[in-house]
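Residue numbers (the working numbering): 2 to 290. Here's the structure, in structure tokens; my notes come after.
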């Protein structure tokens, strides 16, 4: 039987740490029910203890402005982020939830050759702009109120006002014929991510962009980009089965909508999204901060 060395060692890589967890889980899965259940109960108790300790720590520190600022910086570390998300301490940001809501109505807009982008977030209001064929379309007001406004307000009750910006935003219709709903106003920090034809239609392509492992998904001319890491334990998902725009994590079966990143298994989490645009046959990605 393979045994993972329990001796503590210094590890800096999230994938390596999670790989250790996965190897242990594969060992436990082969055990008889009684010892396996004992391990599960032990793990649950330890996670509950750690989760409560982290919750109390965050609660105690967040009232100190300096400590709160330090915690926000620490969240940028992938291991800190993964653990806090695992314990439900760190929730999806307002911008993430808005982008997911916009992505949910994107197929309807795309069917008419249009799209929508988030322009500004200033709670309790946000500003969005239609792109492509939806910009200036006589039916855009109906689309705005029936689709975009309702989707955002349903997903983010704290947003009570959704405004429609005028104009065509960043998109140069002669060059960029698709911009994902995860894009915003910034025109800088775009990374080349290959050619459109290198992404299978209805499939995915994994690659490293700007030092980050990402997953590109394509349906026709529409492309989405996510961190190549399951929101469950952070394992890569590019080898998972894909059917009807849904990818299933090959490790523990979590399912994600490739149009929005929404997790269909555990709705409280989602894939981390990155902005993507297609200019001609060139795909470009801007990594989320």
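Even glycine gets a Cβ: it sits at the ideal position worked out from N, Cα and C.
Give me, in chain order, the residues of the same chain whose beta-carbon lies closer than 6 Å to that of residue i; leave out the 5 immediate sequence neighbours on both sides.
i           : result
residue 156 : 98, 102
residue 237 : 229
residue 85  : 91
residue 286 : 192, 194, 210, 226, 275, 277
residue 253 : 233
residue 76  : 82
residue 240 : 251
residue 196 : 282
residue 40  : 29
Taking the straight line between their C-alpha atoms, what separation do you get for residue i and residue j?
i           : j           : result
residue 65  : residue 207 : 41 Å
residue 215 : residue 158 : 31 Å
residue 30  : residue 69  : 40 Å
residue 111 : residue 55  : 43 Å
residue 14  : residue 166 : 43 Å
residue 88  : residue 233 : 11 Å
residue 242 : residue 23  : 19 Å
residue 33  : residue 27  : 13 Å
residue 201 : residue 279 : 15 Å
residue 43  : residue 25  : 14 Å
residue 170 : residue 106 : Annotation note: pLDDT 43 at residue 170 (below 50); position unreliable, coordinate value reported separately. So the two alpha carbons sit approximately 19 Å from each other.
residue 116 : residue 149 : 11 Å
residue 212 : residue 73  : 22 Å
residue 322 : residue 71  : Limits of the chain in this structure are 2 at one end and 290 at the other, which puts residue 322 out of reach.
residue 123 : residue 95  : 11 Å
residue 223 : residue 63  : 41 Å
In chain order, what residues of the same chain lie with their CB nearer than 8 Å to the CB of residue i, ignoring the 5 residues before and after it?
i           : result
residue 154 : 160, 161, 163
residue 247 : 256, 257, 258, 259, 265
residue 80  : 15, 18
residue 330 : The structure shown has nothing for residue 330, since the chain only spans 2 to 290.
residue 187 : In this prediction, residue 187 has a pLDDT of 45, which is less than 50 and means its spatial position is unreliable; nothing more can be read from the coordinates.
residue 152 : 102, 103, 105, 106
Quick check on residue i: does DSSP put it in helix, strand or coil?
i           : result
residue 21  : helix
residue 214 : strand
residue 179 : A caution first: residue 179 carries a pLDDT of 47, below 50, which makes its placement in the model too unreliable to give a value.
residue 31  : coil
residue 45  : helix
residue 249 : strand
residue 155 : helix
residue 283 : strand
residue 208 : strand
residue 56  : helix
residue 51  : helix
residue 160 : coil
residue 102 : helix
residue 26  : helix
residue 148 : helix
Tell me, please, whether the CB atom of residue i is closer than 8 Å to any CB atom in chain B?
i           : result
residue 160 : Reference to chain B is not applicable here, since this structure consists of a single protein chain.
By Cβ distance, which residues of its chain are closer than 7 Å to residue i, with the 5 residues on each side in sequence left out?
i           : result
residue 128 : 120, 121, 164, 166
residue 125 : 159, 160, 161, 162
In chain order, what are the residue ranges of uninterrupted alpha helix (DSSP H) at least 4 long that sit wholly in the region 74-99?
DSSP runs (the alpha helix (DSSP H)) wholly in the region 74-99: 79-87.
At least three beta-carbon pairs within less than 8 Å, the region 259-272 to the region 223-230
By the C-beta criterion, the region 259-272 is judged to be in contact with the region 223-230, since at least 3 inter-stretch pairs fall below 8 Å.
The region 17-24 in contact with the region 48-68 per 3-pair CB rule at 8 Å:
Short answer: they don't touch.
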